[in-house]
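Below is one structure, written out as structure tokens; the observations come after it.
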Amino acid sequence: MDVFTSFSCSSPMLTPPLCVLGLKTLVIGYNIQYYHKNTTEVCMKLKGLFSVLFVVLFLGGCAVDGAKLFEKEGCNKCHRFKGVGGSICPDLTDVKNRRSREWIHQQLKDPSKNNPNSKMPSFGHLSEKEIQAIIDYLYR
58 MDVFTSFSCS SPMLTPPLCV LGLKTLVIGY NIQYYHKNTT EVCMKLKGLF
108 SVLFVVLFLG GCAVDGAKLF EKEGCNKCHR FKGVGGSICP DLTDVKNRRS
158 REWIHQQLKD PSKNNPNSKM PSFGHLSEKE IQAIIDYLYR
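Everything in the sequence shown is counted per the working numbering, starting at 58 for the first residue and increasing by one.
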């Protein structure tokens, strides 16, 4: 049975004022459901959009810059990362599980502080932002 046919104004049970009240309630209820459904849909789309923007602006950009720097500075000549690169130095694929961000930062700035016998060149010429970008890349 259709919802609208159950609220028939010709029904002997419903007097005209009750019929109008019933139809108003039905229309208001429908509008609330319609509003809730559409706002929920819009909110979900906005949530997805903001998630994508967050990743691209705050995480993706740094990791991409870090990947470019990793190659430009020659890190991949000696180090392997995720199956690509050299093999004469430690594989950095799981470095985030073995070393802290601070340790990696120090290693890039002045490797001899972590290991006096280190053969790794210093990357002290890199800016803080560039060093953080490389670390973000290794931690992705």
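For glycine and all other residues, C-beta sits at the position ideal for the given N, C-alpha and C.
Run through DSSP, which three-state label would Phe138 get?
Phe138 falls in the strand class under three-state DSSP.
Taking just the CA atoms, how far does Arg155 sit from Cys132?
18 Å
Do you know how far the Cα of Arg137 is from the Cα of Cys146?
A direct Cα-to-Cα measurement between Cys146 and Arg137 gives close to 8 Å.
When you compare the CB positions of Tyr196 and Ala124, do they come within less than 8 Å of one another, or not?
With respect to the 8 Å criterion, Tyr196 and Ala124 are not classified as neighbours on the basis of their beta carbons.
Local Cβ density within 10 Å of Gly142, reported as buried at 16 or more and exposed below that:
Buried.
How many angstroms separate the CA atom of Gln163 from the CA atom of Gly140?
24 Å
Span of the alpha helix (DSSP H) around His182
First-last for His182: undefined, no H or E at that position.
Measure the C-alpha to C-alpha separation of Asp151 and Gly181 and round it to an integer number of angstroms.
Between the alpha carbons of Asp151 and Gly181 lies a distance of about 23 Å.
With distances taken between CB atoms, is the gap from Leu149 to Glu187 smaller than 8 Å?
Not closer than 8 Å, so no.
Short of 8 Å in beta carbon distance, which residues of its chain neighbour Leu78, apart from the five on each side in sequence? Order them along the chain.
Low per-residue confidence applies at Leu78: pLDDT is 49, beneath 50, and the placement is therefore not dependable, though the value from the model is reported in the following sentence. Hits under 8 Å: none found.
Do the CB positions of Trp160 and Asn174 come within less than 8 Å of each other?
Against a cut-off of 8 Å, the Cβ pair of Asn174 and Trp160 comes out as no contact.
Could you round the C-beta distance between Lys166 and Ser179 to whole angstroms and report it? I think they count as a contact, below 8 Å.
7 Å
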